[in-house]
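Trainee: Taking the working numbering, the leading residue of the sequence shown gets 2, the next gets one more, and so forth.
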Amino acid sequence: MNSHRDLPGDTVLRFGPYAFHLNQRLVLHGDQPLRLGGRALEILQVLLEHAGSVVSKEALIARVWPRSVVEEINLRVHIAALRRAFRDGQNGDCYILTIPQRGYSFVASVQQASQPVSIETAHPPRHNLPARLTQVIGRDAVVGSLVRQLPLRRLMTLVGPCGIGKTTVALRAAELLLQHYRDGVWLVDMATIDDPVQVVDHLTRTLGLGSGTTLETLGRWHALLILDNCEHLQDSCRTLIEALLCSAPRLSLLVTSREPLLATGEMLLPLPPLAVPPASALRSVDAFMGYSAVQLFVSRARARQQGFALREQDLKRVREICRRLDGLPLAIELAAAQIDALALVGLQAQLDNCFQLLTQGRRTAVPRHQTLKAALDWSYERLSPQEQTVLQRLSVFKTAFTLEAAKGVVSCASVQPARLTRVMENLALKSLLSQEQAKGVCRYRLLNTTRRYALEKLEDSGALQSFEMRYAGYLSHAQSSNRQMAL
């Protein structure tokens with residue numbers, strides 16, 4: 002039996018070909034980091050501390066979720082993730098055994114050592130990452146992909162609409178990669194500047210370099226740079242990135258943007274919404290809790306209201322809340338923050354008025370991330386006048402629509418059909434329109450939250466009634482045509 006309790010922070014636990022660096026919260030297979038979420042790492046640490054002994058499910062849950070009421074299925078999900086991560090196709094080693102009716106046991110030999118001190122590790126890795134105050138939920142797969150690929154692929158761009166959690170994912174991946182980069186991990190927030198000329202100076206100031214420093218100074222740096230919120234400075238950021246890739250061969254660049262930068266060597270990683278449960282998951286709380294949108298809602302609701310518990314009679318309401326909020330993490334967090342004031346019934350009733358509902362912001366966040374409206378304002382204000390006009394008019398579509406339908410409703414003297422096509426392509430690139438392929442036909446769709454925002458803008462412009470009438474007329478004509486074709 003191994004005993005590894007009360008371990009100092011600089012300890013490294015080795016088993017098989019793996020090494021768990023406790024201080025860095027990082028598991029390496031050789032020199033490659035494994036894709037493991039925060040909860041899985043905490044479970045692994047408990048099992049390693051009690052290697053050779055049986056740890057009960059209750060003890061694991063109490064240790065890993067000390068202030069939450071958690072279903073056993075959550076523990077099983079993370080145990081399964083650990084087993085997948087440690088699956089060795091060459092010799093089939095099994096590290097974690099299930100002991101029926103008792104719990105789990107880590108059965109491999111574990112060696113304990115201190116982190117060796119070297120020139121590169123004598124001091125903690127340098128960084129300017131903000132402290133993370135809450136658990137990152139539902140992003141283990143994409144974070145793991147970033148952790149695995151960033152040291153090998155030098156430029157990756159996270160793309161997606163506002164509120165999808167691009168910055169959160171980038172920062173979580175950066176935390177897990179701190180040990181890998183000798184010269185640190187640095188967050189460069191491009192949203193704080195508007196002038197393209199300032200891009201290089203903003204970068205060097207953030208890195209603590211002297212005024213007038215050139216990019217060649219970074220030539221020997223081994224670091225990860227996170228260039229956050231680059232969409233409004235697309236051209237200048239692309240130029241900066243391509244210069245960095247040429248002048249600093251050991252730099253890795255992780256970009257977040259609502260649209261691709263189209264830089265040489267750029268690898269795009271679209272960030273999807275959190276998973277919303279289908280109607281078939283309403284049968285049990287256990288099945289329901291397997292969906293990340295629900296996990297986030299419940300986690301944030303518990304933080305807001307002590308004793309909050311998900312009951313079977315609540316499932317339909319919570320599903321509707323998550324669905325109507327498009328699985329957007331920011332929207333779900335802001336809605337859950339109102340649980341003590343409105344309860345689930347009140348939250349569901351307020352969904353049609355979602356921007357008034359989602360105005361209680363996160364005071365610790367930057368202004369554009371404090372409320373959903375502020376996040377959408379950030380995107381909308383950076384559109385051209387014609388793009389704003391088209392986005393407003395498309396909001397009359399309540400479901401997915403084709404390009405031909407958009408031309409029939411939106412086109413006019415100021416927005417010709419050919420121009421409308423280009424504008425819609427731009428809106429899709431900016432993550433304000435989503436594209437769906439079904440039976441060889443491309444359809445467009447606005448997220449519910451984006452549609453509600455654009456609809457308010459259309460109403461403020463005084464054109465809402467006119468375009469609702471055009472939409473109704475188009476539907477009536479299309480239905481009439483379909484009936485004639487059926488005869």
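C-beta: ideal position from N, C-alpha, C; glycine also.
(1) For residue 197, I'd like the list of residues in its chain whose CB is within less than 6 Å of its CB, leaving aside the five on either flank, ordered along the chain.
(2) Around the C-beta of residue 470, are 16 or more other C-beta atoms found within 10 angstroms, so that it is buried, or is it exposed?
(3) Report all residues from its chain with a CB closer than 6 Å to the CB of residue 29; omit the five preceding and five following residues, and keep chain order.
(4) To the nearest angstrom, how far is it from the Cα of residue 400 to the Cα of residue 146?
(5) Could you please give me the residues that DSSP links to residue 80 through a beta bridge?
(6) Does any residue of chain D have a CB that is nearer than 9 Å to the CB of residue 183?
(7) Considering just the uninterrupted stretch of the alpha helix (DSSP H) at residue 298, what are its terminal residues?
(8) In angstroms, rounded to a whole number, what distance separates the CA positions of residue 461 and residue 43?
(9) Can you name, in chain order, every residue of its own chain whose Cβ lies under 8 Å from the Cβ of residue 345, other than the five neighbours on each side?
(10) By how many angstroms is the C-alpha of residue 169 removed from the C-alpha of residue 135?
(11) Would residue 262 pass as a contact of residue 231 if the rule is Cβ separation under 9 Å?
(12) For residue 87, does the three-state DSSP call read helix, strand or coil?
(13) If you compare alpha carbons, which of 271, 306, 329, 264 is closest to residue 295?
(14) Exposed or buried, what is residue 63 when buried is set at 16 or more other beta-carbons lying within 10 Å of its beta-carbon?
(15) With DSSP collapsed to three states, give me the class of residue 165.
(16) Enumerate in chain order the residues of its own chain whose CB-to-CB distance from residue 190 is below 7 Å, with the five nearest sequence positions on each side excluded.
(17) Checking 9 Å against the spacing of the C-beta atoms, do residue 421 and residue 391 come in under that value?
(18) Helix, strand or coil for residue 157 per DSSP?
(19) Relative to the alpha-carbon of residue 433, which residue among 129, 381, 127 has its alpha-carbon at the smallest distance?
(20) Just list the beta strand (DSSP E) runs in the stretch 234-322, keeping only unbroken ones of 3 residues or longer that don't cross its boundaries, in chain order.
(21) Counting Cβ pairs, one atom from each stretch, are 3 or more of them under 8 Å apart for the stretch 158-172 and the stretch 267-287?
(22) Once you ignore the five residues that flank residue 287 on each side, which residues in its own chain have a CB closer than 7 Å to its CB?
(23) Closest to residue 466 by CA distance: which of 250, 451, 394, 52 is it?
(24) CB-CB under 7 Å to residue 99, same chain, minus the five flanking residues each way: which ones, in chain order?
(25) Under 6 Å Cβ to Cβ from residue 239, same chain only, skipping five residues before and after it: list those, please.
(26) Going by C-alpha distance, which of 58, 175, 111 is nearest residue 50?
(27) Taking C-beta to C-beta, are residue 129 and residue 188 nearer than 9 Å?
(28) Tell me the DSSP bridge mates of residue 104?
(29) When you compare the CB positions of residue 97 and residue 172, do they come within less than 9 Å of one another, or not?
(30) Please report the distance separating the alpha-carbon of residue 350 from that of residue 174.
(31) Thinking C-alpha only, which one of 256, 241, 186 is nearest residue 223?
Mentor: With the structure as the only source:
(1) As a working mapping, residue 197 is identified with position 196 in the sequence shown. Answer for residue 197: 234, 237, listed in chain order.
(2) Within the sequence shown, numbered from 1, the residue matching residue 470 stands at position 469. Residue 470 is exposed by the Cβ-count criterion.
(3) Locating residue 29 in the sequence shown gives position 28, where the first residue counts as 1. 20.
(4) One-based indexing of the sequence shown puts residue 400 at position 399. One-based indexing of the sequence shown puts residue 146 at position 145. Roughly 33 Å separates the two Cα atoms.
(5) In the sequence shown, counting from the first residue as 1, residue 80 sits at position 79. Answer is none; residue 80 lacks a bridge partner.
(6) Annotation note: the requested chain D is absent from the structure, which comprises a single protein chain.
(7) Within the sequence shown, residue 298 is the residue found at index 297, counting from 1. Where residue 298 is concerned, the enclosing alpha helix (DSSP H) stretches over 293-305.
(8) Position 460 of the sequence shown, counting from 1, holds the residue named residue 461. Position 42 of the sequence shown, counting from 1, holds the residue named residue 43. Each residue's alpha carbon lies about 51 Å from the other.
(9) Taking the first residue of the sequence shown as 1, we reach residue 345 at position 344. Excluding residues within five positions, the ones whose Cβ falls inside 8 Å are 315, 318, 319, 322.
(10) For this step, residue 135 is matched to residue 134 along the sequence shown. For this step, residue 169 is matched to residue 168 along the sequence shown. Approximately 10 Å between the Cα atoms of the pair.
(11) Translated into the one-based positions of the sequence shown, residue 262 becomes position 261. Translated into the one-based positions of the sequence shown, residue 231 becomes position 230. Closer than 9 Å, so yes.
(12) Against the sequence shown, residue 87 aligns to sequence position 86. If DSSP states are grouped into helix, strand and coil, residue 87 belongs with coil.
(13) Residue 295 sits at position 294 when you count from the first residue of the sequence shown. It is 329 whose Cα lies nearest to the Cα of residue 295.
(14) Here residue 63 corresponds to residue number 62 of the sequence shown, with the count starting at 1. Under this definition residue 63 is an exposed residue.
(15) As a working mapping, residue 165 is identified with position 164 in the sequence shown. Looking at residue 165 - three-state DSSP - the assignment turns out to be coil, as it is neither helix nor strand.
(16) In the sequence shown, residue 190 corresponds to position 189, counting from 1. Same-chain partners within the cutoff: 229, 230.
(17) On the sequence shown, position 420 is the one that residue 421 refers to. On the sequence shown, position 390 is the one that residue 391 refers to. Yes.
(18) Taking the sequence shown and counting its residues from 1, one reaches residue 157 at position 156. Strand, per DSSP.
(19) For the purposes of this step, residue 433 is taken as the residue at position 432 of the sequence shown. That would be 381, whose Cα lies nearest to the Cα of residue 433.
(20) 252-258, 268-271
(21) yes
(22) Here residue 287 refers to the residue found at position 286 of the sequence shown. Excluding positions up to five away in sequence, the list reads 72, 74.
(23) For this step, residue 466 is matched to residue 465 along the sequence shown. Per the Cα distances, 394.
(24) Counting from one through the sequence shown, the residue named residue 99 turns up at place 98. 105, listed in sequence order.
(25) Along the sequence shown, one-based indexing puts residue 239 at 238. Correct list, in chain order: 262, 264.
(26) Within the sequence shown, residue 50 is the residue found at index 49, counting from 1. Residue 50 has its Cα closest to that of 111, out of 58, 175, 111.
(27) In the sequence shown, counting from the first residue as 1, residue 129 sits at position 128. In the sequence shown, counting from the first residue as 1, residue 188 sits at position 187. Going by C-beta atoms, residue 129 is nearer than 9 Å to residue 188.
(28) By 1-based counting over the sequence shown, the position of residue 104 is 103. Looking at the DSSP assignment, residue 104 forms a beta bridge with 57, 100.
(29) Start at 1 with the first residue of the sequence shown, and residue 97 comes out as number 96. Start at 1 with the first residue of the sequence shown, and residue 172 comes out as number 171. In this structure, residue 172 does not lie closer than 9 Å to residue 97 by Cβ.
(30) Counting from 1 along the sequence shown, the entry for residue 350 is found at position 349. Counting from 1 along the sequence shown, the entry for residue 174 is found at position 173. Distance between the alpha carbons of residue 350 and residue 174: 37 Å.
(31) The residue labelled residue 223 in the question sits at position 222 within the sequence shown. Closest option to residue 223, Cα to Cα, is 186.
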